[in-house]
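Notes to accompany the following structure.
Number of protein chains: 2
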Amino acid sequence: MSAVRLLVLGAVRRHGRAHGYQVLNDLESWGAHEWSTAKPGSIYHALKQLAKQGLLLAHEIAPSTAGGPPRTEYEITRRGAEEFLSLLREALVSHDQRMDVLSSGVGFIVHLPRREAVALLEERLQRLQQWRGSVTDHYAPEDGPGQLGHVGEIMHLWVHSADAGAQWTRGLIERIEDGAYTFEGEEEPSVGVPAEDEDHSRHA
Amino acid sequence: MSAVRLLVLGAVRRHGRAHGYQVLNDLESWGAHEWSTAKPGSIYHALKQLAKQGLLLAHEIAPSTAGGPPRTEYEITRRGAEEFLSLLREALVSHDQRMDVLSSGVGFIVHLPRREAVALLEERLQRLQQWRGSVTDHYAPEDGPGQLGHVGEIMHLWVHSADAGAQWTRGLIERIEDGAYTFEGEEEPSVGVPAEDEDHSRHA
DNA sequence: GGTACTCTACTCAAAGTTGAAGAGAAGGGA
DNA sequence: TCCCTTCTCTTCAACTTTGAGTAGAGTACC
Numbered sequence: 085m086s087a088v089r090l091l092v093l094g095a096v097r098r099h100g101r102a103h104g105y106q107v108l109n110d111l112e113s114w115g116a117h118e119w120s121t122a123k124p125g126s127i128y129h130a131l132k133q134l135a136k137q138g139l140l141l142a143h144e145i146a147p148s149t150a151g152g153p154p155r156t157e158y159e160i161t162r163r164g165a166e167e168f169l170s171l172l173r174e175a176l177v178s179h180d181q182r183m184d185v186l187s188s189g190v191g192f193i194v195h196l197p198r199r200e201a202v203a204l205l206e207e208r209l210q211r212l213q214q215w216r217g218s219v220t221d222h223y224a225p226e227d228g229p230g231q232l233g234h235v236g237e238i239m240h241l242w243v244h245s246a247d248a249g250a251q252w253t254r255g256l257i258e259r260i261e262d263g264a265y266t267f268e269g270e271e272e273p274s275v276g277v278p279a280e281d282e283d284h285s286r287h288a
Numbered sequence: 085m086s087a088v089r090l091l092v093l094g095a096v097r098r099h100g101r102a103h104g105y106q107v108l109n110d111l112e113s114w115g116a117h118e119w120s121t122a123k124p125g126s127i128y129h130a131l132k133q134l135a136k137q138g139l140l141l142a143h144e145i146a147p148s149t150a151g152g153p154p155r156t157e158y159e160i161t162r163r164g165a166e167e168f169l170s171l172l173r174e175a176l177v178s179h180d181q182r183m184d185v186l187s188s189g190v191g192f193i194v195h196l197p198r199r200e201a202v203a204l205l206e207e208r209l210q211r212l213q214q215w216r217g218s219v220t221d222h223y224a225p226e227d228g229p230g231q232l233g234h235v236g237e238i239m240h241l242w243v244h245s246a247d248a249g250a251q252w253t254r255g256l257i258e259r260i261e262d263g264a265y266t267f268e269g270e271e272e273p274s275v276g277v278p279a280e281d282e283d284h285s286r287h288a
C-alpha cells in the first residue's frame, strides 16, 4: 500500500474540490514531503489514477486569462470517500514497515470516531505482537540459539523496532482515551472534559 | 536508495557466479523476503540493470538438456564490487526511513573491517540526532507549542522512532567493539579476544 | 502410467516513483 | 521598460516494483 493515495484522497476531501498544486501545498504544510514519497510526479499521477478509477471526479477548467497550463480540478466521489476510510483503517492497523503509511494514518485519525480509532490501534498492537513472534521464530528455528552470527542482528533490529512501535501505540491509545483531540462526531474542543457517558465501557 | 541492488550485488558476490533463482533463494534464506521488497520481478530486473551498467557480467547458458528457460549466470565485476561497498556504507550510515535498507546493511556489515563498521555506525548516530532535531524544529516553529493538535502525534512518532533507532545502534556498536562476530580481514572466530593492539585508538 | 503437486527458472503488463524540465504570471528593482 | 527571479501549475521519460503468469522437470502416490 502506498501512502500517496491516502494522502491525496484525504487532501482532496478536505477541500471539496482541489487541483494538483493545492494538494501539493497541503501535503507540504503537513510536513508530508519530509516523511512520505509524495512528490509532484507521484501526486499528479495519483490524481489521474484515482480519477480513472472513479474515486475522484475530474473537472477540466479552461483558464480564464487564456494561456497558462490547462488545469484540472478534482472532486471526491462517494466511492472515493469510502476508499479513503478503508485506506485509513488499513494504514492504522497494518504493520507496514514503511512509516509514511502510518504517519498518514495518524494525520487523518481524527476523521474516525474516537472509539473506532482506539479499537484500530489496539488491533495494531496485536498485529505487532504477532509479527514480532514470527520474526523470532524465523530466526531461531531448530539449530539451537546463537548459531546465527551477525545475521541475528537483523532480528534484533526488527524486534527492537516492533517493541518501540508498540510502546508508541500504547502511548497514543492512552492519550486518546484520556480525551485528547477532537474526533469525528464530536463538537467541543475536549479540554479537561470528564469521562463521557458513552465512553465508560471502553475495552468492552 | 533501493535495498534490492545491494542485496542482489551481495548475493552474487558471495557465489562468484549465480543465476536469478539462486539469488532468490539466497535472499529467502536470509529472511529478506519478509523485510525487503525483493521479489522475483525486482530481482531479475535488478540483475539485468546491473549487467547493463557494467556492475555484473552476464553469461548466457545454453541449457544442456534442450528445453527449459534460457538461463543467464551473472558474475560480479570490479566496478560491481566497488558499488557494493559504496551501497553498503550508504545503507549503514543513512537515515533512510525504510528499514529494509538498514537490514541489508547489517546483513553485510562483516564485509567491512571492524573499525570502519564502528565508524559508520557512529556516523549514523550523528545523522539520526540531526534529523531528530530537524523534525522537532519543523513541528514547533514560532506559533508556540501545543498548537499542533493531533498532527503533533506524527512528530511524536518520528521522534520516538529516531530514539529507538539510536538506542539500537548504540547497542550494536557496543557489541562490535566488544569483539562480537568476525569481520573482513579477521581470521579467528573472536571469542574472548583481548583488545587488539591496532584497535586501542578507536574514536580517534 | 496417469495425474497431481511442487520445484526450478524466468517473463510481462500495469502501476508507481523519481528527477528534471516546461511554460505562463507576478513582483521588483535599475 | 526590460530583465531577472520566484511562484504557480503541470508534464514527461526513465526507472522500479508489483502481481500474476508461463513452462518444463522431478517425484510420488494410487
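Line by line, the protein sequences give chains R and A.
Just add 84 to the spot in the first sequence (first one is 1) and you have our numbering.
Just add 84 to the spot in the second sequence (first one is 1) and you have our numbering.
Glycine is no exception: its CB is placed at the ideal position from the N, C-alpha and C atoms.
Because the structure is a prediction, the values reported are computed rather than measured.
Y158 (chain A) and L131 (chain A) look like a contact to me (Cβ under 8 Å); what is the Cβ gap, rounded to whole Å?
By one-based count along the second sequence, residue 158 (chain A) stands at place 74. By one-based count along the second sequence, residue 131 (chain A) stands at place 47. Yes, they are in contact, since the Cβ atoms of Y158 (chain A) and L131 (chain A) sit about 6 Å apart, within 8 Å.
Can the beta-carbon of A87 (chain A) be found less than 8 Å from the beta-carbon of A142 (chain A)?
Looking up residue 87 (chain A) in the second sequence gives position 3. Looking up residue 142 (chain A) in the second sequence gives position 58. Taking 8 Å as the cut-off, the Cβ atoms of A87 (chain A) and A142 (chain A) do not count as close.
Start and end of the beta strand (DSSP E) containing E159 (chain R)?
Taking the first sequence and counting its residues from 1, one reaches residue 159 (chain R) at position 75. That run of the beta strand (DSSP E) goes 155-160.
Where DSSP assigns a beta bridge to R101 (chain A), which residues make up the other side?
The sequence position of residue 101 (chain A) within the second sequence is 17, counting from 1. A:E159.
Would you say H244 (chain A) reaches chain R, if we count a Cβ-Cβ gap shorter than 8 Å as a contact?
Here residue 244 (chain A) refers to the residue found at position 160 when the second sequence is read from its first residue. H244 (chain A) counts as touching chain R.
Below 8 Å on the Cβ atoms is my guess for D140 (chain R) versus I127 (chain R); work out the distance and round it to an integer in Å.
By one-based count along the first sequence, residue 140 (chain R) stands at place 56. By one-based count along the first sequence, residue 127 (chain R) stands at place 43. The residue asked about is misnamed: residue 140 (chain R) is Leu in this sequence, not Asp. Actually they do not touch by this definition, with Cβ atoms about 12 Å apart.
If contact means a Cβ-Cβ distance below 8 Å, which residues of the segment 174-206 of chain R contact chain A?
Q181, R182, M183, D184, L186, S187, V190, G191, I193, V194
Report all residues from its chain with a CB closer than 6 Å to the CB of H179 (chain A); omit the five preceding and five following residues, and keep chain order.
Reading the second sequence from its first residue, position 95 is the one you call residue 179 (chain A). For H179 (chain A), same chain residues with a beta-carbon under 6 Å away, outside a window of 5 residues either side, are R211, L212, W215 in chain order.
Indicate the three-state DSSP secondary structure (helix, strand or coil) for A142 (chain R) in the structure shown.
Counted from its first residue, the first sequence places residue 142 (chain R) at position 58. If DSSP states are grouped into helix, strand and coil, A142 (chain R) belongs with the strands.
With a 10 Å radius around its C-beta and 16 neighbouring C-beta atoms as the bar for buried, classify H240 (chain A) as buried or exposed.
Locating residue 240 (chain A) in the second sequence gives position 156, counting from the first residue. Flag for H240 (chain A) reads buried.
Cβ-based contacts, 7 Å cut-off: residues of the segment 250-269 of chain A near chain R
W252, L256, Y265
Proximal residues to R198 (chain R) (C-beta, below 6 Å), its chain only, five neighbours per side dropped:
Here residue 198 (chain R) refers to the residue found at position 114 of the first sequence. The answer, listed in chain order, is F267.
Cutoff 8 Å: I238 (chain R) Cβ touching any chain A Cβ:
Position 154 of the first sequence, counted from the start, is the residue given in the question as residue 238 (chain R). Cβ-Cβ to chain A under 8 Å: yes for I238 (chain R).
How big is the Cα-Cα spacing for I238 (chain R) and V177 (chain A)?
Position 154 of the first sequence, counted from the first residue, corresponds to residue 238 (chain R). Position 93 of the second sequence, counted from the first residue, corresponds to residue 177 (chain A). Cα to Cα, the separation comes out at about 16 Å.
For V107 (chain R) and chain A, any beta-carbon pair shorter than 8 Å?
One-based indexing of the first sequence puts residue 107 (chain R) at position 23. No, V107 (chain R) lies away from the interface with chain A (no Cβ there is under 8 Å from its Cβ).
Segment contact flag, the segment 194-209 of chain R with the segment 246-258 of chain R, C-beta cutoff 8 Å, min 3 pairs
yes
Indicate whether R89 (chain A) and R182 (chain R) have their beta-carbon atoms separated by less than 8 Å.
In the second sequence, counting from the first residue as 1, residue 89 (chain A) sits at position 5. In the first sequence, counting from the first residue as 1, residue 182 (chain R) sits at position 98. Result no, Cβ atoms of R89 (chain A) and R182 (chain R) do not sit closer than 8 Å.
So is G269 (chain R) buried or exposed if we call it buried at 16+ other beta carbons inside 10 Å?
As a first step, residue 269 (chain R) must be located in the first sequence, where it is residue number 185. The residue is exposed, with fewer than 16 neighbouring Cβ atoms inside 10 Å.
If we count the other Cβ atoms within 10 Å of its Cβ and call it buried at 16 or more, is D262 (chain A) buried or exposed?
Taking the first residue of the second sequence as position 1, residue 262 (chain A) is located at position 178. Residue environment: D262 (chain A) is assigned as exposed (fewer than 16 neighbouring CB atoms within 10 Å of its CB, all protein chains considered).
Please state whether DSSP places L176 (chain R) in a helix, a strand or coil.
Sequence index remark: in the first sequence, residue 176 (chain R) carries index 92 (1-based). The answer is helix: DSSP assigns L176 (chain R) an H, G or I state.
Counting only beta-carbon separations shorter than 8 Å, does A142 (chain A) have a partner in chain R?
Counting from one through the second sequence, the residue named residue 142 (chain A) turns up at place 58. Chain R, which has no Cβ nearer than 8 Å to the Cβ of A142 (chain A), makes this no.
Please name the residue in R:Y265, R:S188, R:G217 whose C-alpha comes closest to that of S120 (chain R).
Taking the first sequence and counting its residues from 1, one reaches residue 120 (chain R) at position 36. The candidate whose alpha carbon is nearest that of S120 (chain R) is R:S188.
Output, in sequence order along the chain, the residues in the segment 98-123 of chain R whose CB is closer than 8 Å to any CB in chain A.
W114, G115, E118, W119
Can you look up M239 (chain R) in the DSSP assignment and give me helix, strand or coil?
To locate residue 239 (chain R), count along the first sequence from 1; it is residue 155. Helix at M239 (chain R).
Anything in chain A within Cβ reach of L90 (chain R), meaning under 9 Å, just list it in chain order.
Translated into positions along the first sequence, residue 90 (chain R) becomes position 6. Chain A residues near L90 (chain R): none, gap ~13 Å exceeds 9 Å.
Close-in-space but distant-in-sequence residues of the same chain around R97 (chain A) (CB under 7 Å, 5 per side omitted)
For this step, residue 97 (chain A) is matched to residue 13 along the second sequence. Excluding sequence neighbours, R97 (chain A) sits near I160, A165, F168.
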